[in-house]
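Novice: Handing you this structure, nothing more for now.
In this note's numbering, the protein residues as written are 153 to 307.
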């Protein structure tokens, strides 16, 4: 969970104590189920922190990637979760996960980004997927087919 601060833009939020603990839990879970070779994370602080915790726990390299950031909402004021959900539009897919990311790679991003990417490539409803994802959560995909292996809505 991010440390929500209505005075700070969402793209600058960092993890709160619950988020730090959740990142550790997700690292343990991923380490038991998969054998990733690297962690790729969004450049936003909360994703960077999550990726760093996972990478440290699994003794893997952490790579920061452009294009995995949450959609830009800097021009709008803070919205309560229910209002934000009602206004969310899932109109375009993520433009930035490369074909070279095949095999077991953990990509640390944001719920809407994950939902848009999976929706566009695995033929699922992105809005419905986004609504089911808790914090932390993950979707495991087989690459390059993008077949869904599992959706874990909350760890």
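Cβ atoms here follow ideal geometry from the backbone N, Cα and C, with glycine treated the same way.
#1: Provide the residue(s) that pair with residue 302 in DSSP beta bridges, ordered along the chain.
#2: Going by beta-carbon coordinates alone, are residue 217 and residue 187 separated by less than 9 Å?
#3: Going by the beta-carbon positions, is the gap between residue 172 and residue 205 smaller than 9 Å?
#4: Taking 7 Å as the limit between beta carbons, can you name the residues of its chain near residue 117, skipping five residues before and five after?
#5: Can you grab the Cα-Cα spacing for the pair residue 288 / residue 297, in whole Å?
#6: State buried or exposed for residue 306, treating a residue as buried only when at least 16 other CB atoms are found within 10 Å of its CB.
#7: In chain order, what are the residue ranges of uninterrupted alpha helix (DSSP H) at least 4 long that sit wholly in the segment 171-201?
#8: Hey, would you say the C-beta of residue 174 is under 8 Å away from at least one heavy atom of the ligand PLP?
#9: Per DSSP, residue 154 forms a beta bridge with which residues?
#10: Using a Cβ-Cβ cutoff of less than 6 Å, which residues in the same chain neighbour residue 202 once the five nearest sequence positions on both sides are dropped?
Specialist: Quick look at the numbers:
#1: Here residue 302 is taken as the residue at index 150 of the chain shown, counted from 1. Paired residue(s): 292.
#2: Within the chain shown, numbered from 1, the residue matching residue 217 stands at position 65. Within the chain shown, numbered from 1, the residue matching residue 187 stands at position 35. The answer is no: Cβ separation not under 9 Å.
#3: The count along the chain shown starts at 1 and reaches residue 172 at position 20. The count along the chain shown starts at 1 and reaches residue 205 at position 53. Cβ atoms of residue 172 and residue 205: closer than 9 Å.
#4: Not covered by the structure: residue 117. The range shown for the chain is 153 to 307.
#5: Residue numbering aside, residue 288 sits at position 136 when the chain shown is read from its first letter. Residue numbering aside, residue 297 sits at position 145 when the chain shown is read from its first letter. Cα to Cα, the separation comes out at about 24 Å.
#6: On the chain shown, residue 306 is found 154 positions in, with the first residue counted as 1. Its Cβ having fewer than 16 others within 10 Å, residue 306 is exposed.
#7: none
#8: With respect to small molecules bound, the structure shown includes none, and the ligand PLP cannot be examined in it.
#9: Your numbering for residue 154 matches position 2 in the chain shown. Paired residues: 167.
#10: Counting from 1 along the chain shown, the entry for residue 202 is found at position 50. So the qualifying residues of the chain are 175, 260.
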